[in-house]
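Have a look at the structure below before the remarks.
Residue numbers (the numbering used here): 15 to 101.
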């Protein structure tokens, strides 16, 4: 358990270092994002907004595809024409 915590702290320290000579794939991205709290805050909120938008759009397309012909927007015209014929 102690070894695993040591690895967590080692990788966390890589993200907080701002040293440009550090090697590793994660370090430049982490240092750019974690440089200040406001940058981290905007990154988290921006990512959450983007993920929500993508999820909502995708789930709505799936829902509309599965229920095509059964929703009000698909059958509204039939009832509007029937109401005009009755008058």
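Note that the Cβ used here is the ideal one computed from N, Cα and C, for glycine as well. Since we're looking at a predicted model, the values are computed, not measured.
By Cβ distance below 7 Å, which residues in the same chain neighbour residue i in space, the five residues on each side in sequence not counted?
i, result
"residue 54", "47 and 48"
"residue 95", "none"
Under 8 Å Cβ to Cβ from residue i, same chain only, skipping five residues before and after it: list those, please.
i, result
"residue 81", "none"
Might you give, ordered along the chain, the residues of its own chain that have their beta carbon closer than 6 Å to the beta carbon of residue i, omitting 5 neighbours on each side?
i, result
"residue 100", "none"
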